[in-house]
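Order-wise, the sequence lines are chains A and B. Mapped onto the numbering used here, the consecutive letters of the first sequence carry residue numbers 1 to 261. Mapped onto the numbering used here, the consecutive letters of the second sequence carry residue numbers 1001 to 1707. See structure below.
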Amino acid sequence: MKMFVCIKQVPDPNTTVSKLDPNTKRLVRNGVSLVLDPGDESTISAAIKLRDKVGNSELVAVSMGPASAQEAMRRALAMGADRAILISDPALAGSDAGTTARVLAALLKKEGADVIFCSTESTDGYTGMVPGGIAEVMGIPQLTFAREINIEGQKAVIKRVIPKGYQTIESSLPAVITIASGSFEAIYPTMKGIMGAKRKPYSQVSLADLGLEASQVGEAGAREQVLSIGTAEARAAGQIIKDDGNAAQQIAEFLQRYQLL
Amino acid sequence: MLLFLAALILFGIRAGQLVTLLTKARPEDRTDHINDRIGAFFKVVLGQSGVLRDPIPGIAHFFTFWGFILIQFGLLNLILGAFNGSLPFLGDNRIFAIILDIFVVLVTFSLIVFAIRRGIVRPRQLNSALHGPWDGFIILGLILLVILTLALVEGFEYAASNGAAWTPIGAFLHPLLGRASQQTNIIAYRSFWWLHMITVLGFLIYLPRSKHLHLMATPFNVFFRSYKPKGALPLIENLEEREDYGVSKVEQFTWKQLLDGYACTECGRCNTVCPALNTGKPLYPKEIILGAKEALFVRSGEILGKDSIYNKLGIAGIKADKTPAEKEAHHEPMIGGIISKEALWACTTCMACVEICPVSIEHVPKIVDMRRSLVMEESEFPQEVTSLFNNIERNGNPWEISNDKRAEWAAGLEIPLLAENPEAEVLYWVGCMGSFDRRNQQVATSVAKVLKAANVDFAILGPEETCTGDPARRIGNEYLWQMQAMQNIETLNGYGFNTKPETAKAEDASTENAEKTEAARAVEKLGTGTLTKHRTIITACPHCFNTIKNEYPQLGGDYEVIHHTVFIDNLMEAEKLKLTTGFDKRKLTYHDPCYVGRYNDSYDEPRRVLTVINDKGVTEMGRNRNKSFCCGGGGGRVWMEEKVGQRINQTRVNEALGTEAEVLAAGCPFCITMFEDGIKGVEAEEKMKVEDISEIIARAIEKPVTN
Ligand SMILES: Cc1cc2nc3c(=O)[nH]c(=O)nc-3n(C[C@H](O)[C@H](O)[C@H](O)COP(=O)(O)OP(=O)(O)OC[C@H]3O[C@@H](n4cnc5c(N)ncnc54)[C@H](O)[C@@H]3O)c2cc1C
Ligand code: SF4
Ligand code: SF4
């Protein structure tokens, strides 16, 4: 079975205070430390788990991004993916979520993917539109919020998290599966993984390789446009209650004010 | 005679097998410091200084040890006697006979002491999972039999020879043996002679599979003990090219690590001091050592290989599996089978076990070697540790904080960065805790205050400093430690702190008394003011201190590193710091951090400082100096949850509370954190405060000098 996991390199969410460039209206990605999206780490772990469970399968990490995304790809390989493909092309700069989905879908189709893993949303762009976009462009089902994944014959069966428990749902293959956050713990790479990653197949493909035109992608092909950016209003400082004997009372009153009690 | 030969051959095979097993292990050079090795051999083996630390069993052991050696000579004498010969010098020597017999009596008493301890007192640490409850008694019984038969041999020999073969015991026993005929006496003499031989030979054969293997192995173990800095874990070389990382299979230990198993006397002293065990964790340091030995024995057939003569002889399994259940059990892996993973993760690397072991066994490197395999080969470790590793790797500190903020604590304190003052004589290595942890930022501020008051020309690295990697190394992530270490070494060498710039890779920095000489040199330097070439790194974190000082040399970073308490002591001695004597009037106790005390032997300096500023001096806790009881934070434990048993930090806090001190003085950011949590845990915030020594000094500085 051919399994794919879509991953993205993002500014380290733990250390970076995101800055937006007022001219391009995009995230500043220079001079910040870039890491494999922590959310994608869990998704990769889920994919590895399934690959090992199903057996006789291959897991490929794919990403669309600048050449620097190689580092993130290495991490995916160190974690246990079997090979990696980076789609990189200067014409892709400025692609919107829809384009990203189309480009990824082109590759996934070409590769004959059976199962496609995505995170629910990225940690930087945060639109959450790419996975659905891929499913739409490829004309295949999307299974969301999976916390347990199985392959039974030619079907994907997942446990899907819902507010009051979970649903078991199944679909035909190929399918896009997105992961419920917190359901899979990120694998920390072993030394074998880290060293082996250097020897695993890694390739970079261009637009032409996917049979796409530059005019369909990047700034030119974007159907979404960022009109303006602004800073969110700073959150009002919280209220600190000093315990002078009736703190409990005050907290209760506070909660009552918001009808939380 | 045949019997005799057979027994010797059997013994020889067993011994040969044990040695061959060691040759299958990894190599390790233990021939440095040869003079010290010989000295230690005399003191510890012949003088029994190790066991004598525990007086009652110690003295009994001393007598048994020497008695046993004398009996060997007596035995040779007896054998020769059977052929009408005797040992030169000793054979007919009455003084030897007297000494021998005195020891026979002493050994008998010692055996009674041992039997009482084993049978009636029963200290818990004497339990043995490997050899079962009877091994100890069998050994005691065998020794007693050796002694009894010897006494009877002497008695009947005296009788048979009509007093010609004089021995004190013989003469003493003679009247008690009755007036048998000459003939009976000779027969009895012969029978007991044989019985004596058989017991001694039986002992020899039993020995290699019992705990008394230590009789043979201990002398070697003491001789080959480590003379490297105690605090340094062994380096894994060629990380990028090797196939294995750490130890998962027993033969991946070095021969010396395996010899440790042979040498263990199963006395259980290590168990009595282990902070993990003593707070209910499933870690028995003794069982780590014996577990490795067991793993070696159950796999000995495999390790020796099919072609080994021992296998061909069909006696390869030193500890053969008798029942299918045993076989099953012994095909358990060493880690997660014979030795539990929980045990490995519970260790705080406090070194108390290594410190107390009478036969120089090294537990900590073994535990870390097995952790290394779990981390680097299996990616198996407590879940909390994942973010620690990721953060150190990405942010250069254990948290999700950008390393750019490393110097923020110093804002407004007018502390130069080394980049601004590259010639600074002293680098204050702040460490992650001092830089980012709120409570320890206060300590860092105090250290800076003290340095300023003493007019020390110092600077900090700020964002150029990154985690030393100590927690990663102790948890088993050697790769991450090496990455961090190399980055820091590059920075420090770049500023010219390397004391051996010509030797890129210093093998074994001779660190005998390094503490003293460093201290002495620091004083000298401060006194004379010749600073240009002399550069010192000081730090308030014993973990940074230990790894930079003792472990960075493994990667070519040799520095003069001084713990801040020692540095303050030096400043006071050089009169660079003048303080109000007895300024602090509170009752105070001091906790020796493991990485300052046991790891680096600084016990006196912190106490000297405290004694000057505190009018009552230091009120000691029961467990102090090299017996100090860990705070629970070392070995990466501070980053893991403590789910089993009592809390180590609370246990220590309660001990401190027992002194009725108001202040618990510390010299380690992890101890401070652990103890503050511990104090909250036992709700003693009103009773006791935790303070770093530098904080007390900083306060004393603000007070004008009155004396
Ligand atoms: C040259 C170049 C420059 C780029 N510059 C930017 C930039 O400045 N800002 C920016 O946000 N993006 C940039 N991208 C990437 C791309 O435009 C975004 O990934 C896209 O907008 C997705 O939006 P999102 O993050 O909201 O995705 P979401 O829909 O929130 O993502 C959900 C999941 O979809 C998958 N996914 C999303 N994007 C990718 C991807 N690119 N490759 C593989 N899997 C993916 C992941 O599993 C992700 O977790 C660049 C790409 C290239 C080639
Ligand atoms: S390791 Fe040392 S202290 Fe522990 S039981 Fe063995 S000999 Fe005794
Ligand atoms: S180092 Fe300390 S915690 Fe670890 S086994 Fe030894 S005594 Fe126990």
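Ideal Cβ placement from N, Cα and C applies to all residues, glycine included. This structure is a prediction, so every number in the text was calculated from the model and none was measured.
Check, Outcome
"Below-9 angstroms beta-carbon distance, TYR264 (chain A) vs any chain B residue", "Residue 264 (chain A) lies beyond the range of chain A shown here (1 to 261); nothing can be said about it."
"Any non-hydrogen atom of ligand 3 within 8 angstroms of ILE1339 (chain B) CB", "no"
"First through last residue of the alpha helix (DSSP H) which encompasses LYS295 (chain A)", "As displayed, chain A neither begins before 1 nor continues past 261, which places residue 295 (chain A) out of reach and without an answer."
"Contacts of ARG1371 (chain B) in chain C (Cβ-Cβ under 7 angstroms)", "In summary, chain C is missing from the structure at hand, where the protein chains are A and B."
"Through-space distance from ALA180 (chain A) to ILE169 (chain A), alpha-carbon basis", "14 angstroms"
"Closest residue to VAL1146 (chain B) among B:LYS1578, B:TRP1194, B:HIS1563 and B:VAL1113 (Cα-Cα distance)", "B:TRP1194"
"Alpha-carbon to alpha-carbon, GLY1012 (chain B) and VAL1019 (chain B)", "10 angstroms"
"Spatially closest choice to VAL1200 (chain B) from B:TYR1245, B:ILE1120 and B:GLN1072, by CA coordinates", "B:GLN1072"
"Identified DSSP bridge partners for PHE1203 (chain B)", "Looking at the DSSP assignment, PHE1203 (chain B) forms no beta bridge with any residue, so it has no partner."
"Entirely enclosed beta strand (DSSP E) segments - the segment 1389 to 1457 of chain B, minimum 3 residues", "1426 to 1429"
"Closest Cα partner of MET191 (chain A) within the set A:MET3, A:PHE184 and A:MET79", "A:MET79"
"Rounded distance between the beta-carbons of CYS1264 (chain B) and ILE1356 (chain B), thought under 8 angstroms", "Going by Cβ atoms, the distance from ILE1356 (chain B) to CYS1264 (chain B) rounds to 13 angstroms, so no, they are not a contact pair."
"GLN249 (chain A) (DSSP reduced to helix, strand or coil)", "helix"
"Per-residue burial, PRO1057 (chain B) [other beta carbons within 10 Å of its own, 16 or more giving buried]", "buried"
"From B:GLN1383, B:ARG1299 and B:HIS1564, residue whose alpha carbon lies closest to that of LYS1449 (chain B)", "B:HIS1564"
"Assigned exposure category for PHE1109 (chain B) - 16 Cβ within 10 Å defines buried", "exposed"
"Residues of the segment 176 to 210 of chain A whose Cβ lies closer than 8 angstroms to any Cβ of chain B, in chain order", "GLU185, ALA186, ILE187, TYR188, PRO189, THR190, MET191, LYS192, GLY193, ILE194 and MET195"
"Contact between the segment 1464 to 1483 of chain B and the segment 1381 to 1394 of chain B (3+ Cβ pairs under 8 angstroms)", "yes"
"Same chain, Cβ closer than 6 angstroms to ILE1315 (chain B), neighbours up to 5 away in sequence not counted", "Below a pLDDT of 50, predicted positions are generally treated as unreliable, and ILE1315 (chain B), at 48, falls in that range; no measurement from the model is reported."
"Near ligand 2: ILE1289 (chain B) beta-carbon under 8 angstroms from a heavy atom", "yes"
"Residues bridged to PRO11 (chain A) [DSSP beta-bridge criterion]", "A:LEU34"
"Beta-carbon proximity list for GLN1252 (chain B), same chain, < 7 angstroms, skipping 5 on both sides", "ARG1026 and ASP1244"
"Residue from B:PRO1219, B:LYS1249, B:VAL1426 and B:LEU1176 with nearest C-alpha to ALA1459 (chain B)", "B:VAL1426"
"Cβ contact (3+ pairs, closer than 8 angstroms) linking the segment 20 to 32 of chain A and the segment 219 to 235 of chain A", "yes"
"Own chain partners of GLU1393 (chain B) with C-beta closer than 7 angstroms, once the 5 adjacent residues on each side are dropped", "LEU1480"
"Inter-stretch contact at 8 angstroms, needing at least 3 Cβ pairs: the segment 1275 to 1288 of chain B / the segment 1631 to 1644 of chain B", "yes"
"Nearest neighbour of TYR1495 (chain B), chosen from B:VAL1447, B:THR1445, B:ASP1457 and B:ASN1421 [CA to CA]", "B:ASN1421"
"Supposed contact pair LEU1204 (chain B) and LEU1215 (chain B) - C-beta distance, whole angstroms, cut 8 angstroms", "About 10 angstroms separates the two Cβ atoms, so there is no contact after all."
"Residues bridged to GLN167 (chain A) [DSSP beta-bridge criterion]", "A:ARG160"
"Proximity test, Cβ basis, 9 angstroms: THR15 (chain A) and chain B", "yes"
"Between the CA atoms of ALA91 (chain A) and GLN225 (chain A) - distance to the nearest angstrom", "17 angstroms"
"Assumed close pair ARG1652 (chain B), GLY1635 (chain B) - CB separation to whole angstroms, cut-off 8 angstroms", "Actually they are not in contact, since the Cβ atoms of ARG1652 (chain B) and GLY1635 (chain B) sit about 15 angstroms apart, beyond 8 angstroms."
"Simplified DSSP assignment, three categories, for GLN1383 (chain B)", "coil"
"Burial state of ARG1535 (chain B) (16 or more Cβ within 10 Å)", "buried"
"Range of the contiguous beta strand (DSSP E) that encloses LYS1578 (chain B)", "Run containing LYS1578 (chain B): none; DSSP gives neither H nor E here."
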